[in-house]
Amino acid sequence: MFDLVQKNRRMVEVLLGAVVLGLIVSFGWSGYAASQGGSDWLAKVGNTTISEQQVEDAMRRQQGAQKPTVLNALIERQLVLNEARDLRLTPSDEQLRAAIAAIPAFQDNGQFSKTKYEQVLSANGMQPLQFQKDVGEDLAGRQLMAPWQASVVVPNAVIENAARLMGERREVVTSVFKADDYLGKASVTPAEIKQYYDAHQVDLKAPEMVRVEYLVLSAAQLAQQQTVSDAEIQKYFDAHKAELAKDERKAAHILIAVQPNASAADKQAAKAKAEAIDKQVKANPSSFAAVAKAESQDPGSKDQGGDLGWFAADAMVKPFADAAFKLSKGQISDVVESQFGYHIIMLEDARTTSLADVKTAVADKVKAEKAQTQYQSSLDKFNELVYQQADSLKPAADALKLQTAQSGWVTRQGAQDPALSNPKLTEALFSDDVLKKKHNTEAIEVQPGTLVSARVIDYKAAQVPPLATASPDIESKLKHEKAVKLAAADGAQKLAALQKGEAAEIKWAEQPTQLGRFGNPAVPADQVKAVFNVDVKKLPAYVGGADPAQGFVVYKVEKAIAAPAMTPEMRAQLTQSMEQTYAGAEMASYMANLQKKQKVEIRAAKSE
1 MFDLVQKNRR
11 MVEVLLGAVV
21 LGLIVSFGWS
31 GYAASQGGSD
41 WLAKVGNTTI
51 SEQQVEDAMR
61 RQQGAQKPTV
71 LNALIERQLV
81 LNEARDLRLT
91 PSDEQLRAAI
101 AAIPAFQDNG
111 QFSKTKYEQV
121 LSANGMQPLQ
131 FQKDVGEDLA
141 GRQLMAPWQA
151 SVVVPNAVIE
161 NAARLMGERR
171 EVVTSVFKAD
181 DYLGKASVTP
191 AEIKQYYDAH
201 QVDLKAPEMV
211 RVEYLVLSAA
221 QLAQQQTVSD
231 AEIQKYFDAH
241 KAELAKDERK
251 AAHILIAVQP
261 NASAADKQAA
271 KAKAEAIDKQ
281 VKANPSSFAA
291 VAKAESQDPG
301 SKDQGGDLGW
311 FAADAMVKPF
321 ADAAFKLSKG
331 QISDVVESQF
341 GYHIIMLEDA
351 RTTSLADVKT
361 AVADKVKAEK
371 AQTQYQSSLD
381 KFNELVYQQA
391 DSLKPAADAL
401 KLQTAQSGWV
411 TRQGAQDPAL
421 SNPKLTEALF
431 SDDVLKKKHN
441 TEAIEVQPGT
451 LVSARVIDYK
461 AAQVPPLATA
471 SPDIESKLKH
481 EKAVKLAAAD
491 GAQKLAALQK
501 GEAAEIKWAE
511 QPTQLGRFGN
521 PAVPADQVKA
531 VFNVDVKKLP
541 AYVGGADPAQ
551 GFVVYKVEKA
561 IAAPAMTPEM
571 RAQLTQSMEQ
581 TYAGAEMASY
591 MANLQKKQKV
601 EIRAAKSE
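Heads up: the sequence shown begins at 1 in full-length UniProt numbering, then just goes up one per residue.
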């Protein structure tokens with residue numbers, strides 16, 4: 001059941017609209033408006049095509065995304081948009097304006113900024129009309145999919161059963177038969193080593209490798225060399241007071257939480273409770289911390305008497321911040337409503353950040369600015385010298401007062417040294433110009449603000465090591481494999497004896513542990529299943545299984561622990577999770593029907 005949520009989570013999020021607007025900004029849908037024709041396409045959704053260029057553009061904007069994932073996302077989006085268009089679903093102008101204004105990238109201090117809107121669109125090569133069209137299409141898609149979110153009802157019996165399965169525990173004592181304990185009984189002959197050596201030449205072959213001398217021009221390193229005066233620090237602080245000299249408040253609060261899907265009656269009951277508490281603490285302000293510990297439903301601050309510490313306005317949701325920053329020291333607010341529920345806030349103190357509070361951070365910023373200026377002024381000279389005097393890095397190092405360094409062995413898979421772990425640099429190191437002609441690489445930006453040039457000073461061709469060199473590693477590997485088998489055989493034998501009721505010489509762990517059906521990444525799933533399959537009326541019971549890394553594990557199941565009773569909060573969370581699961585399953589079926597109805601065709605990309 002829960003696997004289904006994971007498998008369909010991306011589709012659930014996209015189709016429910018949880019990330020639709022985020023995708024518009026991060027993927028830049030403008031320009032992805034699928035075409036009605038053309039031959040350069042990867043997928044066809046009904047009569048609409050998705051080109052290879054659209055997929056490549058999306059991958060470039062969504063760094064790290066894999067091509068199949070991006071293509072599937074574009075296909076799913078187009079399926080929904082086509083259906084919404086066929087059903088003539090169209091958002092109103094007011095809905096469109098509200099959706100665009102709600103996008104954080106277009107906001108300044110929580111409010112929509114037309115200037116920022118135009119700047120972001122321009123920076124991403126988007127036209128306002130096309131962008132508005134794209135947002136409108138996505139809103140129409142959300143209209144289409146919204147009923148799935150609201151119509152799912154999970155039977156109470158299903159929720160109760162899920163809670164039982166998720167909450168049950170088994171108390172077990174383990175005995176681990178470790179392979180390392182059997183190494184002394186495992187022996188490997190020279191013939192076995194030779195046989196492995198002959199059969200695994202490809203695996204044993206060491207890749208070609210180079211050692212390099214390299215030179216780094218880094219803004220971060222330059223920053224460490226900078227010095228700044230108090231006058232420079234004061235000047236920067238004065239110029240950035242709006243950013244640095246922030247007003248902060250120290251407050252405590254009491255939260256009466258309201259679930260996102262709460263009914264109007266539940267909301268009214270929560271508000272009434274909050275108003276009663278507000279009246280109580282205003283009558284006796286010294287009781288605020290005690291009341292918070294007893295009544296607050298904020299797990300993060302309840303045990304501290306509601307204490308939230310110091311915070312700036314932008315660290316809190318707007319209704320909370322607006323109320324807190326209007327209070328005087330010691331004053332208690334009226335009830336404040338936010339997306340989390342109802343708050344009662346007591347202001348404990350206020351302060352404005354001074355230069356002394358941020359002096360170190362300001363000094364670092366000034367150093368970074370000076371370093372960036374020096375870095376920018378050195379770029380052209382660095383590029384020029386490593387290229388024009390290609391047989392040595394010394395001229396560039398001397399001119400820019402930098403130090404060369406030498407690496408360990410580097411393969412085509414890259415280097416461990418962060419300065420050399422860039423794929424483009426690795427490719428350059430094994431090029432003919434660098435490897436055979438011994439030239440410097442070009443200056444390569446390995447990360448923002450860091451340029452590297454390198455030259456090869458030593459080379460090893462790919463080769464299989466001699467048998468004598470490879471023998472120790474082969475012997476160690478074969479001995480471990482035999483030890484694992486010996487441990488597994490011994491563990492299985494002892495387990496069989498225990499299951500027959502016979503005595504077995506076995507060393508158990510000193511303390512029992514508890515296992516649940518889920519959340520045991522260190523325990524193989526088949527072993528968890530075996531533990532929960534034992535007859536709880538016949539305990540203790542014994543099960544076990546092989547562990548490829550260690551050998552064998554035997555479990556003595558001593559006690560079955562029932563699931564704890566569900567609290568209202570637990571029930572609400574589980575209900576929401578299962579509603580998403582059910583919605584995911586229904587939407588997966590709906591999407592499959594859309595694919596049949598619209599006919600999705602995918603063809604192979606052109607070879608690169």
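Glycine is no exception: its CB is placed at the ideal position from the N, C-alpha and C atoms.
* Under the three-state reduction of DSSP, which class applies to A454: helix, strand or coil? -> Three-state DSSP puts A454 in a strand.
* Beta-bridge pairing of F552 - partner residues as DSSP gives them -> F177, A546
* Identify the continuous alpha helix (DSSP H) that holds A162 and give its terminal residues. => 156-167
* Asked: Helix, strand or coil: which one does DSSP assign to Q447?
  -> Note: Q447 maps to strand in three-state DSSP.
* **Identity of the residue in Q514, F518, L495, K500 nearest K507 by Cα** => In terms of CA proximity to K507, L495 leads the group Q514, F518, L495, K500.
* Taking Q514 as part of the beta strand (DSSP E), name the residues at either end of that continuous run. => 513-516
* Asked: What are the start and end residues of the beta strand (DSSP E) that includes D349?
  -> 341-352
* Asked: Grouping DSSP H, G and I as helix and E and B as strand, with all else coil, what is G491?
  -> Secondary structure of G491 (DSSP, three-state): helix.
* Asked: In three-state DSSP terms, what is R211?
  -> Three-state result, R211: strand.
* Could you round the C-beta distance between A487 and D298 to whole angstroms and report it? I think they count as a contact, below 8 Å. => Contact doesn't hold; Cβ gap of about 50 Å is too wide.
* **Option nearest W310 by Cα separation, candidates A324, P319, D303, K279** => A324
* **Whole-angstrom distance between E502 and V553, CA atom to CA atom** => When rounded, the distance between both Cα atoms is 18 Å.
* To do: Put K559 into one of helix, strand or coil per three-state DSSP.
  => Assignment of K559 by DSSP, reduced to helix, strand and coil, places it in the strand class.
* Taking Cβ positions, are L539 and V188 nearer each other than 9 Å? -> Using a Cβ distance threshold of 9 Å, L539 and V188 do not count as a contacting pair.
* To do: Report yes or no: do three or more beta-carbon pairs, one from the region 193-211 and one from the region 567-577, lie closer than 8 Å?
  => no
* To do: Can you have a look at Q234 and say buried or exposed, based on whether 16 or more other CB atoms are within 10 angstroms of its CB?
  => exposed
* Asked: For T174, which residues of its own chain have a beta-carbon under 8 Å away from its beta-carbon, when the five flanking residues on both sides are left out?
  -> W508, A509, T513, V553, V554, Y555, K556
* Asked: Do the region 423-434 and the region 406-414 touch if we need at least three Cβ pairs shorter than 8 Å?
  -> yes
* Output the boundary residues of the beta strand (DSSP E) element that contains R249. => 247-257
* **Opposing strand residues paired with F311 [DSSP bridges]** => R249.
* Contiguous alpha helix (DSSP H) assignments of at least 4 residues, all confined to the region 352-411 -> The qualifying runs are 355-388, 394-400.
* To do: Go to A43, then tell me how far its beta strand (DSSP E) extends in each direction, as first and last residue.
  => 41-45
* Asked: Are A397 and Q388 close, meaning C-beta to C-beta below 9 Å?
  -> no
* To do: Would you give the residue range spanned by the beta strand (DSSP E) that E601 belongs to?
  => 600-602
* Asked: Is it buried or exposed for residue 632, if we count other Cβ within 10 angstroms and need 16 for buried?
  -> This structure cannot speak to residue 632, because the chain is shown only from 1 to 608.
* 9 Å Cβ cutoff, D180 in contact with chain C -> Of the chains in the structure shown, none is chain C; there is only one protein chain.
* Is A415 helix, strand or coil by DSSP? -> Here A415 carries a coil assignment [DSSP, helix/strand/coil].
* Asked: How long is the line joining the alpha carbons of A269 and Q576, rounded to whole angstroms?
  -> 21 Å
* **Where W29 sits in the DSSP three-state scheme** => Caution is warranted here: a pLDDT of 37 is assigned to W29, below 50, making its placement in the model unreliable, and no coordinate value can be reported.
* **Contact between the region 337-352 and the region 236-252 (3+ Cβ pairs under 8 Å)** => yes
* Asked: In three-state terms, what does DSSP make of F430?
  -> coil
* Asked: What's the C-alpha gap between V210 and P465?
  -> 17 Å
* Closest Cα partner of V452 within the set L87, L420, Y459, A562 -> L420
* **Stretch-stretch touch, CB-based, cutoff 8 Å, three pairs: the region 352-370 with the region 234-245** => yes
* To do: Report the three-state DSSP secondary structure of residue 619 (helix, strand or coil).
  => Past the boundaries of the shown model lies residue 619; the chain is included only from 1 to 608, so the question cannot be answered.
* Asked: What's the gap between the Cα of L144 and the Cα of N593?
  -> 14 Å
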